[in-house]
Every structure is written in C-alpha cells, then in structure tokens.
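What follows is a single structure, written as structure tokens, with notes after it.
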Amino acid sequence: MKKIILSLVLMAAAAISATAQISAGIGYMSKTYSGNDYSVGGLYVNGNYTVLEIADGLQVTPGIALSILSGKESGWKYNELNLGIPINLSYSFEVAEGFKLVPFLGPTIIFGLSNKAETGGVSVNLYDNDLGIEAKRLDLAVGGGLALDVMDIIRVSCGYNKGLLNRVEDADPAVNTSGIHFGVAVLF
C-alpha cells in the first residue's frame with residue numbers, strides 16, 4: 000500500500016512539474032487612493048510559477064511582486080514599497096501559431112513595507128506616526144487582466160486590481176485603492 004501511495008505522489012509531482020512554467024518580469028504600475036484621490040506610480044518586478052494545470056490551458060499561478068511607487072499631491076511627495084502575492088487562475092489558448100492569449104483573474108494579498116510622505120524637509124511614516132492618520136499595511140485586492148504569450152518566450156500583460164480593505168485607520172468614507180499595471184516577462 001505504501002508503494003502505491005508513493006507511486007501516486009511521484010506521478011502527481013511529475014505531472015505538476017511537467018506543466019510548471021516560471022516567468023520573471025518588470026513593468027509599470029499606477030495606483031489611486033479613493034477619498035484622497037491621489038495617485039502613485041512606478042515600477043514593479045515580479046515572478047510567477049504555474050503550479051497546477053487543472054485542465055488543458057486552465058492553470059493556477061501564484062507569484063510575488065515588489066512595487067516601488069511615488070507621486071506628488073498638494074505639496075506632499077509620497078513613496079511606497081509594497082510586496083504583493085497574487086494567486087491567479089488563467090486560461091491560455093492559441094490565437095495564431097506561436098501566439099497565445101491568456102486572460103487571468105484572482106486575488107492579490109498586498110503587504111506595505113514602507114509608506115512615507117514628505118513636505119518641506121519633513122518626512123512622515125504613514126504606517127506609524129503621531130498625527131492620527133495611520134495607513135494600514137495590509138490590503139486584499141481582486142483583479143484580472145490579459146496577457147499575450149509570444150513563442151512561449153515573452154509575455155506582455157496588462158491588468159487591473161481593486162483593493163477591498165480600508166487603507167486608513169478609522170477613515171470615513173473608507174480609503175480604497177485601485178490600479179492598473181502593464182509589463183513584460185520572460186517565460187522559462
């Protein structure tokens with residue numbers, strides 16, 4: 000019995016690794032805060048790993064993304080550093096030889112690593128300060144997008160995320176985020 004279970008586990012691992020695909024990319028991201036109506040934008044780097052192919056073309060792909068964003072509003076300069084963990088469900092299908100469209104959707108857990116505001120030489124940590132305005136580090140976003148795979152080597156993608164959690168302590172109305180992103184990745 001142990002040999003049968005071990006054989007099944009090894010076959011499942013082989014099947015997962017046979018369909019696994021790794022990607023590494025870079026792109027531009029823009030994020031807007033509701034209520035304050037200010038935006039930040041900048042670069043992100045990401046990596047994704049397809050861990051499971053549910054059916055032909057239907058895949059589960061978790062990843063990790065680091066974004067460095069900045070913006071200006073009413074004399075303040077904002078700088079953010081965030082770590083995102085997306086878990087996307089995608090479906091890829093060939094539209095022409097060597098070209099696949101890949102619509103995707105899923106949640107992203109976002110951890111704020113740093114969030115600072117500066118004006119007149121004064122810097123304020125928006126996660127920990129005595130001003131009574133504290134941003135929350137955690138956000139849960141849902142989103143989706145569309146990617147184009149070229150020759151199973153390059154992926155060009157664009158997408159949208161909508162934050163679900165209030166990002167400022169005791170804010171009324173709630174301060175939520177929404178954002179767009181587009182980038183390019185190399186497929187391995």
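With numbering that gives the first Met the number 0 applied, the sequence shown covers 0 to 187.
Just so you know, even glycine gets a beta-carbon here, dropped at the ideal spot from N, CA and C.
- Neighbourhood of Trp75 by C-beta distance below 6 Å, restricted to the same chain and skipping five residues each side: Ala116 and Thr118
**Prompt:** Taking the alpha-carbon positions, what's the Asn78 to Gly144 distance?
**Reply:** 26 Å
| query | Does the Cβ of Leu68 have 16 or more other Cβ atoms within 10 Å, making it buried, or fewer, making it exposed? | reply | buried
Grab me the residues of Pro172's own chain with a C-beta within less than 7 Å of its C-beta, minus the 5 sequence neighbours each way, in chain order.
Gly34
So, are the CB atoms of Thr176 and Gly158 less than 8 Å apart?
no
Item to complete: Rounded to whole angstroms, what's the CA-CA distance from Asn87 to Tyr48? Just pull it up for me.
Response: 10 Å
Point to revise | Residues bridged to Thr31 (per DSSP) | key: Ser38 and Ser177
According to DSSP, residues forming a beta bridge with Phe110: Leu82 and Leu137
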